[in-house]
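**Q** Before I ask anything, let me first share the structure, which is written out below as structure tokens.
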Amino acid sequence: MCKQDKAKTAEVEPSRRSFLTKLWIGLGFIALIEFIWVVIAFLRPRKPRLSEANAEAIITAGPVESFAPASVTAFVRGRFYLSRQEDGGFLALSRKCTHLGCTVPWVEKENKFECPCHASAFDITGNVISPPAPRALDIYKVFIENNIVKVDTDKLIKRSEFRAEQVTYPKKFNND
Amino acid sequence: MTQARTTLFSRIRNSIFWAPILPQNERERKKFLLNNLILHFRPRTIPEQTLKFTHTWGLGGIAAALVMLLFLTGIMLKFIYEPFPGRAYDSIILLQQDVWFGQFIRNIHHWSANILVVVVFLHMVRVFFTGAFHPPRQFNWIIGLILFFLIIISNFTGYLLPWDQLAFWAITICTSMFEYIPGVGMWLQKLIRGGAEIGPESLKTFFTLHSAIVPACLITLMPFHFWRVRKARGVVTPRSLRDKSEPAVIKVPTVPDLILRELVVALVLIAFILVFSIIFNAPLEDKANPGLSPNPAKAPWYFLGMQELLLHFHPLFAVFIIPIFVIGFLILLPYFKYDSDVTGFWFISQKGRRMAMVSAFCAVIATPIWIIADESFIDFTAWLPGLPTVISNGLLPVVIVAVVVIGFYLLIKKKYAATKNEALQAVFVLLLVSFIILTLTGIWFRGQGMALSWPWQVGVME
């Protein structure tokens, strides 16, 4: 065999071979990514079935008059507090501390929520009175139908602090 | 071997054990090691100096023995335990009251797991201070870090399984920390919890991790770790600081010189754990109640250093940025450029020892002062009301601490005219001791509402 021939094969063969090698490696990577994707998709938290979720998510709290202004009522099943402001508006506050997720009890005497874990405190609107909690308590949507207060616990609403538009007010029919 | 006089029994025996079961001479011992699946992970001979107990303190071997104990007792517990929120706690009660030796087996599992965390931590510290992470052991340091991480995961996932108040709230707090990781935090938290809150899905996930995934990883990585020790020709050879000349290496056979010593350590350890488990019961509180947080609610003890950081820094820094820096430092440690070969010297040099002492002393004095000062009067959030808390309670104090640490590095380096190795070691000691003090503070000095209090007050809180 002469020198030229060898050079030729050395040029042609490796390039085809290296292409195939690269192809295999590429396919291997794609297979790996698919595998990882399957595992993650498999482990992803599932949403509860729609009918179940809706039935449980909306909690009927009770008629408007049964909640005194400037009072806080706990709803264990819905895991929230219904807080009625002094001006009669309603807020549904999540009972989970925004710091590390402990359950905050309402301390009637001191008129505030006090987290037992790291001593964060929140006022009746859910605003932070003392850190380490970084944000006001999360809220749920409140709506009032036929003078009955209902809370949609399906979606947690995060907020950094209390603002007036977060409050839901009952309609006043006989004031005019 | 002569074919003539073999019995059926000896033929079967010889087919299983290629080497003598009780080797009598050196040749037979060598054969014994090489023909044994487990032992052949070990070097055939090792330098005599490495046998000294105070060189390694037997920590690696103790860790391996503890893992074996955990596997054995864990498999037994698996026969009784039921990973469902409604039944998990009752199955633990059943285990403790109706199953023969149930409480005892649970105690062994519990105490071994907790001791294991301490032992692997000390093992890592030993490897660091004897310079055993330099070539050719660089990558074995990384494998060791992964093993350490796996053991923490194993402990953490096991913590939830009894489903009592202690378990439920510790895991709630720890998984809530994920929220502060920017970007992927919420997603990661949901993945780990299997939903928005700790519930049935979380228990299933934790049980699978604890009883299948982590053990499988450990079983694969541990032999790799040991084999790497073999490839590095045993553990790092100690060198004397007084006599810097290379000592003559006297090799001794692993079987029996090392194996017998390991056996003695393992037996003493097992005896200790059995006695400890007879005397002290593993804790079990009331059944988990998602509506009632206990006061104080604490993370598992090995995360209390981090929880202590949370009391002083904005969560973004306490649970994300500071840990990222620490983990990054540990991973890169074997790959930094070092001035000289210091493998095998305890604390590098006489000067290194003195500097380590000074650093430890500084940390012991400064950390409690800082904790008390931050608790009582330092309040950047109130002093700088215009700034967001991420800066006033996060970036600012972290920068101050970083400046202090860097200042310490420069100062001690200059004062002792030290090498980079020695100064870096001094900083490592400073941070290590501070971290230990933070953890101890979290365990013993945090009472109701996580306020500072004395250990005897912390105890009577519940």
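One line per chain: the protein sequences are A and B, in this order.
Mapping to the working numbering: the first sequence position 85 is 85, numbers consecutive.
Every number in the working numbering is 1000 more than the matching position in the second sequence, counting from 1.
Every residue gets a Cβ at the ideal spot worked out from N, C-alpha and C, and that includes glycine.
Determine, using beta carbons only, whether residue 85 of chain A and residue 91 of chain A come nearer to each other than 8 Å.
**A** As a working mapping, residue 85 of chain A is identified with position 85 in the first sequence. As a working mapping, residue 91 of chain A is identified with position 91 in the first sequence. Against a cut-off of 8 Å, the Cβ pair of residue 91 of chain A and residue 85 of chain A comes out as a contact.
**Q** How many Å lie between residue 1446 of chain B and residue 1368 of chain B at the Cα?
**A** Here residue 1446 of chain B corresponds to residue number 446 of the second sequence, with the count starting at 1. Here residue 1368 of chain B corresponds to residue number 368 of the second sequence, with the count starting at 1. Roughly 13 Å between the two C-alpha positions.
**Q** Nearest CA to the CA of residue 1303 of chain B: which residue from B:1251, B:1152, B:1274, B:1225?
**A** Taking the first residue of the second sequence as 1, we reach residue 1303 of chain B at position 303. Answer by Cα proximity: B:1152.
**Q** Between the C-alpha atoms of residue 1312 of chain B and residue 1305 of chain B, what's the straight-line distance to the nearest angstrom?
**A** Translated into positions along the second sequence, residue 1312 of chain B becomes position 312. Translated into positions along the second sequence, residue 1305 of chain B becomes position 305. Their Cα atoms are separated by approximately 11 Å.
**Q** With 9 Å as the C-beta to C-beta threshold (strictly closer), list the residues of the segment 1168-1193 of chain B near chain A in chain order.
**A** Residues 1169, 1172, 1173, 1174, 1175, 1176, 1177, 1179, 1180, 1190, 1191, 1193.
**Q** Three-state secondary structure (DSSP) at residue 1181 of chain B?
**A** Within the second sequence, numbered from 1, the residue matching residue 1181 of chain B stands at position 181. Of the three classes helix, strand and coil, the one that applies to residue 1181 of chain B here is coil, per DSSP.
**Q** If we count Cβ pairs, one from each stretch, closer than 8 Å, do we get three or more for the segment 1337-1356 of chain B versus the segment 1127-1145 of chain B?
**A** Verdict: yes, contact present.
**Q** Within 8 Å of any Cβ in chain B, is that where the Cβ of residue 159 of chain A sits?
**A** For the purposes of this step, residue 159 of chain A is taken as the residue at position 159 of the first sequence. Cβ-Cβ to chain B under 8 Å: no for residue 159 of chain A.
**Q** At least one CB of chain B closer than 8 Å to the CB of residue 151 of chain A: is that the case?
**A** Taking the first residue of the first sequence as position 1, residue 151 of chain A is located at position 151. Judged by the 8 Å Cβ criterion, residue 151 of chain A is not in contact with chain B.
**Q** If we define contact as Cβ-Cβ less than 8 Å, is residue 1201 of chain B a contact residue for chain A?
**A** For this step, residue 1201 of chain B is matched to residue 201 along the second sequence. At least one chain A Cβ lies under 8 Å of residue 1201 of chain B.
**Q** Helix or strand or just coil, what does DSSP make of residue 123 of chain A?
**A** For the purposes of this step, residue 123 of chain A is taken as the residue at position 123 of the first sequence. In the structure shown, residue 123 of chain A sits in coil (DSSP, three-state: anything other than H, G, I, E or B).
**Q** Would you be able to state if there are at least three C-beta pairs under 8 Å between the segment 1091-1107 of chain B and the segment 1069-1077 of chain B?
**A** Counting Cβ pairs under 8 Å, three or more are found: they touch.
**Q** Do residue 1180 of chain B and residue 1316 of chain B come within 8 Å of each other at the CB atom, strictly closer than that value?
**A** Residue numbering aside, residue 1316 of chain B sits at position 316 when the second sequence is read from its first letter. Residue numbering aside, residue 1180 of chain B sits at position 180 when the second sequence is read from its first letter. It is a contact, given that the beta carbons lie within the stated cut-off.
**Q** With 9 Å as the limit, tell me which residues of the segment 1230-1242 of chain B have their beta carbon closer than that to any beta carbon of chain A; keep them in chain order.
**A** Flagged: no residues at all.
**Q** Compare the Cα-Cα distances from residue 98 of chain A to each of B:1178, B:1213, B:1275 and report the closest residue.
**A** By 1-based counting over the first sequence, the position of residue 98 of chain A is 98. Of B:1178, B:1213, B:1275, the residue nearest in Cα terms is B:1178.
**Q** For residue 1135 of chain B, name the three-state secondary structure that DSSP assigns.
**A** Residue numbering aside, residue 1135 of chain B sits at position 135 when the second sequence is read from its first letter. Residue 1135 of chain B falls in the coil class under three-state DSSP.
**Q** Compute the beta-carbon to beta-carbon distance between residue 129 of chain A and residue 138 of chain A, rounded to the nearest angstrom, for a pair I have assumed lies under 8 Å.
**A** Along the first sequence, read from residue 1 onward, the residue named residue 129 of chain A stands at position 129. Along the first sequence, read from residue 1 onward, the residue named residue 138 of chain A stands at position 138. No, residue 129 of chain A and residue 138 of chain A are not in contact; Cβ-Cβ is about 16 Å, not under 8 Å.
**Q** Do the CB positions of residue 1043 of chain B and residue 1230 of chain B come within less than 8 Å of each other?
**A** Counted from its first residue, the second sequence places residue 1043 of chain B at position 43. Counted from its first residue, the second sequence places residue 1230 of chain B at position 230. A contact, by the Cβ cut-off of 8 Å.
**Q** One question on the structure: do residue 151 of chain A and residue 89 of chain A come within less than 8 Å of each other, judged by their Cβ atoms?
**A** Counting from one through the first sequence, the residue named residue 151 of chain A turns up at place 151. Counting from one through the first sequence, the residue named residue 89 of chain A turns up at place 89. The answer is no: Cβ separation not under 8 Å.
**Q** What are the start and end residues of the alpha helix (DSSP H) that includes residue 1420 of chain B?
**A** The count along the second sequence starts at 1 and reaches residue 1420 of chain B at position 420. Residues 1420-1444.
**Q** Note down, one range per segment and in chain order, each beta strand (DSSP E) of at least 3 residues found wholly within the segment 40-99 of chain A.
**A** As far as the segment 40-99 of chain A is concerned, its whole beta strand (DSSP E) runs of at least 3 residues are 58-63, 71-75, 80-84, 90-94.
**Q** Report the residues of the segment 1431-1442 of chain B with a CB closer than 9 Å to any CB of chain A, ordered along the chain.
**A** Listed by position along the chain: nothing, the set is empty.
**Q** Compare the C-beta of residue 1006 of chain B with all C-beta atoms of chain A and state if any pair is closer than 8 Å.
**A** As a working note, residue 1006 of chain B is residue 6 in the second sequence. It does not: the Cβ of residue 1006 of chain B has no partner Cβ on chain A nearer than 8 Å.
**Q** Counting only beta-carbon separations shorter than 8 Å, does residue 14 of chain A have a partner in chain B?
**A** Here residue 14 of chain A corresponds to residue number 14 of the first sequence, with the count starting at 1. Judged by the 8 Å Cβ criterion, residue 14 of chain A is not in contact with chain B.
**Q** For the ligand NAP, any of its heavy atoms closer than 7 Å to the Cβ of residue 1450 of chain B?
**A** Ligands displayed in this structure: none; no statement on the ligand NAP is therefore possible.
**Q** Specify the secondary structure class of residue 1022 of chain B as computed by DSSP and reduced to three states.
**A** Walking along the second sequence from the start, residue 1022 of chain B turns up at place 22. Residue state, collapsed to three classes: coil.
**Q** Do we get a CB-CB distance below 8 Å when we pair residue 68 of chain A with the residues of chain B?
**A** Within the first sequence, residue 68 of chain A is the residue found at index 68, counting from 1. For residue 68 of chain A, the answer is no, since every Cβ of chain B falls outside 8 Å of its Cβ.
**Q** At a Cβ threshold of 8 Å, is residue 1209 of chain B touching chain A?
**A** Start at 1 with the first residue of the second sequence, and residue 1209 of chain B comes out as number 209. Closer than 8 Å: no.
**Q** Below 8 Å between beta carbons is the criterion; list the residues of the segment 1280-1298 of chain B that meet it against any residue of chain A, in chain order.
**A** Listed by position, the residues of the segment 1280-1298 of chain B near chain A (Cβ gap below 8 Å) are 1290, 1291, 1292, 1293, 1294, 1295, 1296, 1297.
**Q** Output yes if chain C places a C-beta closer than 8 Å to the C-beta of residue 103 of chain A; else output no.
**A** Absence of chain C from the displayed structure is noted, the protein chains being A and B.
**Q** Determine which residues share a DSSP beta bridge with residue 1452 of chain B and list them.
**A** One-based indexing of the second sequence puts residue 1452 of chain B at position 452. Bridge partners of residue 1452 of chain B: B:1446.
**Q** Pick from B:1156, B:1337, B:1456, B:1039: whose alpha carbon is nearest that of residue 1263 of chain B?
**A** Walking along the second sequence from the start, residue 1263 of chain B turns up at place 263. It is B:1039 whose Cα lies nearest to the Cα of residue 1263 of chain B.
**Q** With C-beta atoms as the reference, is residue 1206 of chain B less than 8 Å away from residue 1274 of chain B?
**A** Here residue 1206 of chain B refers to the residue found at position 206 of the second sequence. Here residue 1274 of chain B refers to the residue found at position 274 of the second sequence. Contact flag unset, no.
**Q** Which residue from A:141, A:162, A:149 puts its Cα closest to that of residue 155 of chain A?
**A** For the purposes of this step, residue 155 of chain A is taken as residue 155 along the first sequence, with counting starting at 1. When only C-alpha atoms are compared, the closest one is A:141.
**Q** Residue 1339 of chain B to residue 21 of chain A, Cα distance in whole Å?
**A** To locate residue 1339 of chain B, count along the second sequence from 1; it is residue 339. To locate residue 21 of chain A, count along the first sequence from 1; it is residue 21. Answer to the nearest angstrom: the Cα atoms are 42 Å apart.
**Q** Among the candidates B:1129, B:1019, B:1202, B:1328, whose CA atom is the shortest distance from the CA of residue 46 of chain A?
**A** On the first sequence, position 46 is the one that residue 46 of chain A refers to. Of B:1129, B:1019, B:1202, B:1328, the residue nearest in Cα terms is B:1202.
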